[in-house]
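Below is one structure, written out as structure tokens, with a few remarks after it.
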Amino acid sequence: MSKKRWFSGRSGLTIRNLICVLLLLVGMVLSSLWWPAPTIAQSPSGELRIATRLLPPFAMDDRGQYTGFSMELWQKVAAELGKTSKIVVYPTLPEMLSAVQEQKVDAAIAAISITAEREQIFDFSYPMFNSGLQILVRSPQKSGFMPNLLRDLFSPMFLQLFAIALGMVVVAAHIIWLLERRHQKSAIDEAYFPGIFEAAWWAAATLATQAEEMPKGAFGRLMAVLWMFIAVVFVAYFTATVTTSMTVQTLQGDIKGLDDLQNRTVATTAGSTAANFLRSKQIKTLEVDKIESAYDALLKQRADAVVFDAPVLMYYASREGKGNVQLLGEMLREESYGIALASNSPYRKPINSALLKLRENGAYQALYDKWFKPYADRGAN
Ligand code: GLU
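When you line the sequence shown up against our numbering, it's residues 968 to 1348, in that order.
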């Protein structure tokens, strides 16, 4: 028995089969018109258009030459892809991401954090950098002498010590008034008023080791010796507590971590993951386009801290910001950067292969060391 095979022999070419094939072809053409295959608009010359935003040390414009970790990584990726590319700089993060979404560019590379929310809209390459959010504050000595002094004088600790001293004076004044009021030569009046004020003045002056008059009666003098002894101990305690607290504040500043950011103004860039993070913690945020404006707000005391990407802050703190700002140790949240592409971009796979290749051949590490090793070592001090 001979088996029937597709298009073998005349039996395959019936009218019915031809109509089926025609219908299939028409269907394919129509479906491609309704659901076009995802494509990325190519620039006429075939070169890739790559969006970035200037954010040292990831993307910088060095007199028309783009440098920085991300820019140089992209040059290496493009070389792997065998493509030339044109860099398009966007002023803000939202504008750069919109350009990717609207396919005005083929990809974006800067310091773009991969997030679940962005993943819904974009495709991301493999993570290309481990980052995270950190806090930058002014160096404490930059707060000025007078504001520091006023802040210390009205600090809860100072007011507490003052209240204790006042209580002690009131008690001592009553004891002295009771012991001395009847004594003939005493300078303290017998009547409660003004006697108690005279006694309180004596007690306060003794506490400050300034008393001129001494009680005249034996019990009064005994009490005076005891009170002078208490005064010496109290003054020593007071001095020690105030000095320690001032030294600690000078060394640490008054923002030590995330908890101290409540009721403060924190600067960061608009649309960034840091802005989102601060909003979720209900922290008052000053959103600016350029990270340099956030540094400026911090230095001019329009903001109390900057929360942003750790490597970016570290780079600033170890260069232009050196001596004026300091980074707090705590990492608020880990993040990874990726190259952002339009959804279903045909470039994702080749870019990922290129990234893997650059990691395997050591080129990635060399680039990392070039940009992050020198100041990571310096940043520690
Ligand atoms: N890593 C930040 C983000 O993706 C960078 C923000 C910025 O470029 O200003 O949100």
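C-beta atoms are modelled at their ideal positions from N, C-alpha and C, and glycine is treated no differently.
Treat the numbers as computed from the prediction; the structure is a model and nothing was measured.
Per DSSP, cross-strand counterpart(s) of residue i
i, result
"Gln1268", "In DSSP, Gln1268 forms no bridge with anything."
"Ser1303", "Asn1097"
"Tyr1033", "Asp1028"
"Arg1105", "Val1292"
"Met1298", "Gln1101"
"Leu1349", "With the chain running from 968 to 1348 in the structure shown, residue 1349 is simply not present."
"Glu1254", "Thr1235"
Closest residue to residue i among the options (Cα-Cα distance)
i, options, result
"Glu1047", "Arg1149, Lys1152 and Lys1316", "Lys1316"
"Gly1224", "Gly1238, Trp1194, Leu1295 and Lys1183", "Leu1295"
"Ala1307", "Gln1032, Gly1035, Ile1081 and Gly1184", "Ile1081"
"Ala1237", "Phe1096, Val1292, Pro1061 and Thr1176", "Pro1061"
"Arg1326", "Pro1094, Asp1028, Ser1065 and Asp1029", "Pro1094"
"Ala1172", "Ile1197, Leu1280 and Asp1029", "Ile1197"
"Leu1323", "Tyr1057, Leu1126, Pro1161 and Ser1092", "Ser1092"
"Phe1089", "Gln1332, Tyr1314, Ala1309 and Tyr1283", "Ala1309"
"Gln1032", "Arg1016, Ile1054 and Glu1014", "Ile1054"
"Ala1330", "Trp1041, Asp1227 and Arg1030", "Trp1041"
"Val1104", "Ile1076, Ala1270, Ser1285 and Pro1313", "Ala1270"
"Val1292", "Ile1163, Leu1266 and Tyr1314", "Leu1266"
For residue j and residue i, the rounded distance between their alpha carbons
i, j, result
"Asp1221", "Val1067", "41 Å"
"Thr1210", "Pro1024", "41 Å"
"Ile1250", "Thr1208", "32 Å"
"Lys1152", "Lys1183", "7 Å"
"Ala1277", "Ala1018", "22 Å"
"Ser1303", "Met1063", "18 Å"
"Asn1243", "Phe1275", "11 Å"
"Leu1280", "Phe1205", "39 Å"
"Glu1259", "Ala1241", "15 Å"
"Val1137", "Gln1127", "16 Å"
"Asn1348", "Asp1119", "Note that Asn1348 scores 35 on pLDDT, short of 50, meaning its location in the model is unreliable; the coordinates nonetheless yield the value given after this. Looking at the two C-alpha atoms, the distance is approximately 28 Å."
"Pro1161", "Pro1107", "48 Å"
"Asp1226", "Gln1268", "19 Å"
"Arg1148", "Pro1123", "37 Å"
"Arg1016", "Lys1050", "10 Å"
"Pro1003", "Pro1313", "In this prediction, Pro1003 has a pLDDT of 45, which is less than 50 and means its spatial position is unreliable; what the coordinates show is noted afterwards. Looking at the two C-alpha atoms, the distance is approximately 14 Å."
"Thr1176", "Gly1187", "17 Å"
"Lys1109", "Ala1158", "Any reading at Lys1109 is ruled out, since the residue's pLDDT is 49, under 50, leaving its predicted position unreliable."
Same chain, Cβ closer than 6 Å to residue i, neighbours up to 5 away in sequence not counted
i, result
"Ala1045", "Ser1052"
"Ala1008", "Caution is warranted here: a pLDDT of 46 is assigned to Ala1008, below 50, making its placement in the model unreliable, and no coordinate value can be reported."
"Asp1336", "none"
"Ala1166", "Ala1140, Ile1143, Trp1144 and Ile1155"
"Ala1078", "Leu1022, Phe1025, Asp1276 and Tyr1304"
Whole-Å CB distance - residue i paired with residue j, under 8 Å assumed
i, j, result
"Thr1235", "Val1273", "6 Å"
"Glu1301", "Gly1099", "5 Å"
"Leu1146", "Met1190", "6 Å"
"Thr1059", "Arg1020", "7 Å"
Contact with chain D by residue i, beta-carbon distance below 7 Å
i, result
"Leu1040", "Judged by its chain identifiers, the structure shown contains no chain D, having just a single protein chain."
8 Å Cβ shell around residue i - same chain, five flanking residues per side excluded
i, result
"Met1298", "Gly1099, Leu1100, Gln1101 and Ala1277"
Close-in-space but distant-in-sequence residues of the same chain around residue i (CB under 7 Å, 5 per side omitted)
i, result
"Leu1245", "Val1233, Thr1235, Thr1252 and Val1274"
"Pro1005", "Note that Pro1005 scores a pLDDT of 39, beneath 50, so its modelled location is shaky; the value from the coordinates is reported in the next line. If we look at Pro1005 and ignore the five residues flanking it on each side, its Cβ neighbours are Asn1311."
"Trp1194", "Ala1139, Ala1170 and Thr1173"
Subject >> Beta carbon nearer than 5 Å to a non-hydrogen atom of ligand 2 >> reply: Because ligand 2 does not appear in the structure shown, any question about it cannot be addressed here, the ligands present being ligand 1.
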